[in-house]
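Numbering (our numbering), first residue to last: 53 to 244.
Input: a single structure, listed below in structure tokens.
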């Protein structure tokens with residue numbers, strides 16, 4: 053995703069943002085930073101059945117989506133949690149084997165759409181663990197949000213209620229000013 057060159061809010065200290073890390077991600081979307089078009093095609097039954105046994109030994113990070121199951125797996129934000137100290141830099145080896153196994157999988161995860169100025173026709177948004185009525189706020193963990201890029205032709209509508217998002221799970225760190233602001237991305241197929 054190409055980051056726009058914007059004015060004031062880019063230079064503000066994170067504590068001035070309403071919700072720290074997630075606010076920065078939401079502001080990118082509000083500011084008109086739309087994701088590049090990403091095309092994803094579900095593997096055919098033949099592609100899945102032709103996956104060789106040697107593919108099972110390939111690491112999850114390099115395994116193509118076509119060798120993964122096309123069924124949707126239900127996950128929660130607890131399933132994508134990993135050990136990272138507050139303010140520590142993110143490194144890929146922090147991810148658990150279970151998280152790496154999700155790469156390329158179609159998952160369904162429940163959360164809240166982080167509010168933006170746009171309410172309908174969302175092509176991209178940030179899905180967060182919490183609706184900010186409890187303990188979510190500045191200093192939120194990297195695993196408490198997922199960037200969602202809807203597949204071509206699909207959009208979402210903002211809701212204050214929890215939503216379920218279905219799509220392909222990807223590890224795609226987003227860095228801004230040398231700091232990782234988000235780790236996970238989903239290519240959203242459906243939002244309910």
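Where is the CB? At the ideal position from N, CA and C, for every residue including glycine.
This structure is a prediction, so every number in the text was calculated from the model and none was measured.
Start and end of the alpha helix (DSSP H) containing residue i?
| i | result |
| --- | --- |
| residue 151 | 149 to 154 |
Sort the options by Cα distance to residue i and report the nearest one.
| i | options | result |
| --- | --- | --- |
| residue 196 | 228, 134, 123 and 126 | 134 |
| residue 175 | 213, 200 and 233 | 200 |
| residue 141 | 242, 235, 243 and 241 | 235 |
| residue 208 | 237, 171, 220 and 181 | 171 |
| residue 225 | 206, 147 and 130 | 147 |
| residue 214 | 149, 150, 180 and 221 | 180 |
| residue 206 | 149, 243 and 137 | 243 |
| residue 149 | 132, 183 and 137 | 132 |
| residue 154 | 126, 194 and 241 | 126 |
| residue 138 | 194, 161, 156 and 173 | 194 |
| residue 151 | 222, 203 and 182 | 222 |
| residue 184 | 237, 212, 198 and 241 | 212 |
| residue 198 | 216, 237 and 241 | 237 |
With burial defined as no fewer than 16 other Cβ atoms inside 10 Å of the residue's Cβ, what is the status of residue i: buried or exposed?
| i | result |
| --- | --- |
| residue 239 | buried |
| residue 178 | buried |
| residue 169 | exposed |
| residue 231 | exposed |
| residue 60 | At residue 60, the pLDDT of 37 sits below 50, so the modelled position is not reliable; the number obtained from the coordinates is stated separately. Under this definition residue 60 is an exposed residue. |
| residue 123 | exposed |
| residue 220 | buried |
| residue 144 | exposed |
| residue 156 | buried |
| residue 163 | buried |
In the DSSP output, what is residue i paired with across the bridge?
| i | result |
| --- | --- |
| residue 168 | None, per the DSSP bridge assignment. |
Beta strand (DSSP E) containing residue i: first to last residue?
| i | result |
| --- | --- |
| residue 194 | Unbroken run through residue 194: none, as it is neither H nor E. |
| residue 141 | Where residue 141 is concerned, there is no enclosing beta strand (DSSP E), given that its DSSP letter is neither H nor E. |
| residue 240 | 231 to 243 |
| residue 176 | 176 to 180 |
| residue 124 | 124 to 127 |
Please check the pair residue i and residue j, which I expect to be a contact at CB under 8 Å, by giving their CB distance rounded to whole angstroms.
| i | j | result |
| --- | --- | --- |
| residue 158 | residue 218 | 7 Å |
| residue 210 | residue 165 | 5 Å |
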